[in-house]
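First the structure, in the form of structure tokens, and then the observations on it.
In mature numbering (1 follows the signal peptide of the UniProt record, and there is no 0), the protein residues as written are -19 to -1, 1 to 194.
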């Protein structure tokens, strides 16, 4: 099974052959992120993006997929979604697995993505009408300190361990001297963690769900 790191819109092109395995039945991450992921703000940011939504046979909730793999039917361990209704959206189904590609809007409470608007199937719209959802390379500034590849990779690993619900990968960008972190979204807690633990501009996030202005 081949895992693929996908940009938000690029993910729409492989819906019929996506997958990722592992995790418990509810897609709950490991305990290491329980405190780091908790949102304490009553004014939660709203995020929007075009992603694959998936629910496996043994899962209690639908999930947002950050990483997919080439398999059929899809498999995905992602961020649980609350307020999702498969009966209200067009979707594909095979061997008890349900999935589809949608524009989703909602908030993140530290444990799950809370749908705040009706999802829109990407097959029903022209994605050219949603330029704000197009993938764009993250902005990379001038790192305050020069760090080794080993130090940068350690930063990626630490952030992924602290925020397992939303961070799904990353790598040491030696050319730019930064830790490039792949994440479903950048919560205020995630940004604060990076700001407080690492030199300025040494962590760069590539996010699939973006804040709604």
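Don't be surprised by glycine CBs; every beta carbon is placed ideally from N, CA and C.
All values derive from a computational prediction rather than experimental measurement.
- Our two residues, residue 88 and residue 64, have alpha carbons roughly 11 Å apart in a direct line.
- Under the 8 Å Cβ criterion, the segment 94 to 108 counts as touching the segment 28 to 45, having at least three qualifying pairs.
- Judged by DSSP secondary structure, residue 181 falls outside any alpha helix (DSSP H); it is assigned neither H nor E.
- DSSP places residue 24 in no alpha helix (DSSP H); its state is neither H nor E.
- Note that the C-beta distance between residue 136 and residue 174 is not below 7 Å.
- Listed in chain order, the non-local C-beta contacts of residue 190 below 6 Å within the same chain comprise 28, 30, 165 and 166, local neighbours out to five positions each way being set aside.
- Excluding sequence positions up to five before and after residue 86, its CB lies within less than 6 Å of the CB of 29, 97 and 98, all in the same chain and listed in chain order.
- Counted as a single uninterrupted DSSP element, the beta strand (DSSP E) harbouring residue 60 occupies residues 60 to 63.
- Counting only runs of 4 or more residues that sit fully inside the segment 125 to 192, the alpha helix (DSSP H) segments are 130 to 143 and 169 to 178, in chain order.
- Less than 7 Å divides the Cβ of residue 38 from the Cβ of residue 77.
- Pairing residue 83 with residue 57 gives a Cβ-Cβ distance that is not under 7 Å.
- With contacts defined by Cβ atoms closer than 7 Å, residue 73 and residue 102 do not form a contacting pair.
- Taking residue 188 as reference, the option from 113, 126, 181 and 129 with the minimal CA-CA separation is 113.
- In its chain, beyond the 5 residues on either side, 34, 36, 62 and 65 have a beta carbon closer than 6 Å to the beta carbon of residue 43.
- In the structure shown, the three-state DSSP call for residue 43 is coil.
- Residue pairing by DSSP places residue 83 opposite 32 and 102 in a beta bridge.
- For residue 74, the enclosing beta strand (DSSP E) stretches over residues 73 to 75.
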